[in-house]
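Engineer:
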Amino acid sequence: MIAALRHYDPPSLSERLRETHAMTRPLMIEIIETAGRRVPSLGQNGRTARLSRLIDAEAWADAALVLIELELSMWQVRRIAYDEGEWHCALSRARELPDWLDTAVEACHGDLAIALLSAFVEVQALAVEASRPSVPSVRRRRDPLYEPVACDNFG
């Protein structure tokens, strides 16, 4: 498993995002360090520099969108809506499909950046689960009494 994902605990990070009221710099850095796989390995190129500038400016929603763009190249923002005091965000791999055919990952929160990052964390958790094999592999122990025998019939 990738070293960055080894210590990744999606339920606790999702829970922290649900419980927080506003985005902070330490929380954003923690999300990038724990759930981000590509940003640390990209070094300081143009897009990661843009992400750093957005974090320094505390432009949390823009920083979340750039993080999604960097980390989830196959995913796109399908929907951002504000309803009854909460932001609803949906990320999808096939944005052109109708809603009823698409398997979008949705999240909601009172803060737009936290709603976006909650959906991001959920997608990353799906990626971690998908990288595990569906059937666990078990190393076979050799039976000390087992001895291979050739049984060709030459007769």
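Read in order, the letters of the sequence shown correspond to residues 5 to 159 in my numbering. We put the beta carbon where it would ideally sit given N, CA and C, even for glycine. This one's a predicted model, so the numbers in the text were calculated from it and none came from an experiment.
#1: How long is the line joining the alpha carbons of asparagine 157 and leucine 76, rounded to whole angstroms?
#2: Please state if the CB of leucine 58 and the CB of alanine 4 are separated by a distance shorter than 7 Å.
#3: Could you pull out every residue in the same chain whose Cβ sits closer than 6 Å to the Cβ of alanine 65, ignoring the five residues on either side in sequence?
#4: Name the one or two DSSP bridge partners that cysteine 112 has.
#5: If you count every other CB in all the chains shown that lies within 10 Å of the CB of tryptophan 104, and 16 or more means buried, which is it?
#6: Between arginine 99 and cysteine 155, what straight-line distance do the alpha-carbon atoms span, to the nearest angstrom?
#7: What's the C-alpha gap between valine 109 and serine 18?
#8: Can you list, in chain order, the residues of its chain with a C-beta nearer than 6 Å to that of cysteine 93? Leave out the 5 residues immediately preceding and following it.
#9: For isoleucine 118, which beta-bridge partners are listed by DSSP?
#10: At a threshold of 6 Å, does glutamate 23 count as lining the ligand ATP (C-beta to nearest heavy atom)?
#11: Please classify alanine 154: does DSSP put it in a helix, a strand, or coil?
#12: Under 7 Å, do arginine 54 and methionine 78 count as touching if we go by C-beta distance?
#13: Nearest to aspartate 4 by alpha carbon, out of His113, Pro102, Glu23, His25?
#14: Which runs of the alpha helix (DSSP H) at least 4 residues long sit entirely within the region 52 to 80? Give them in chain order.
#15: If you drop the 5 nearest sequence neighbours on each side, which residues of the same chain put their C-beta closer than 7 Å to that of threonine 24?
#16: Buried or exposed: which applies to isoleucine 72, given that a residue is buried once 16 or more other Cβ atoms fall within 10 Å of its Cβ?
Structural biologist: Quick look at the numbers:
#1: Translated into positions along the sequence shown, residue 157 becomes position 153. Translated into positions along the sequence shown, residue 76 becomes position 72. Asparagine 157 and leucine 76: Cα-Cα distance of roughly 58 Å.
#2: Because the chain here runs from 5 to 159, residue 4 falls outside it and cannot be looked at.
#3: Residue mapping note: residue 65 aligns to position 61 of the sequence shown, counting from 1. Counting only Cβ-Cβ distances below 6 Å, and skipping sequence neighbours, we find Leu116, Ala117.
#4: Position 108 of the sequence shown, counted from the start, is the residue given in the question as residue 112. Paired residues: His92.
#5: Against the sequence shown, residue 104 aligns to sequence position 100. By the neighbour-count rule (16 or more Cβ atoms within 10 Å), tryptophan 104 is not buried but exposed.
#6: As a working mapping, residue 99 is identified with position 95 in the sequence shown. As a working mapping, residue 155 is identified with position 151 in the sequence shown. Approximately 59 Å between the Cα atoms of the pair.
#7: In the sequence shown, counting from the first residue as 1, residue 109 sits at position 105. In the sequence shown, counting from the first residue as 1, residue 18 sits at position 14. Cα to Cα, valine 109 sits roughly 13 Å from serine 18.
#8: Residue mapping note: residue 93 aligns to position 89 of the sequence shown, counting from 1. Correct list, in chain order: Ile84, Ala111, Ala119, Leu120, Ala123.
#9: Locating residue 118 in the sequence shown gives position 114, counting from the first residue. Isoleucine 118 is not bridged to any residue.
#10: The ligand ATP is absent from the structure shown, which contains no ligand whatsoever.
#11: Locating residue 154 in the sequence shown gives position 150, counting from the first residue. If DSSP states are grouped into helix, strand and coil, alanine 154 belongs with coil.
#12: In the sequence shown, residue 54 corresponds to position 50, counting from 1. In the sequence shown, residue 78 corresponds to position 74, counting from 1. Against a cut-off of 7 Å, the Cβ pair of methionine 78 and arginine 54 comes out as no contact.
#13: With the chain running from 5 to 159 in the structure shown, residue 4 is simply not present.
#14: 64 to 75
#15: Here residue 24 is taken as the residue at index 20 of the sequence shown, counted from 1. Here the set comprises Leu31, Ile118.
#16: The residue you call residue 72 lines up with position 68 of the sequence shown. Burial call: buried.
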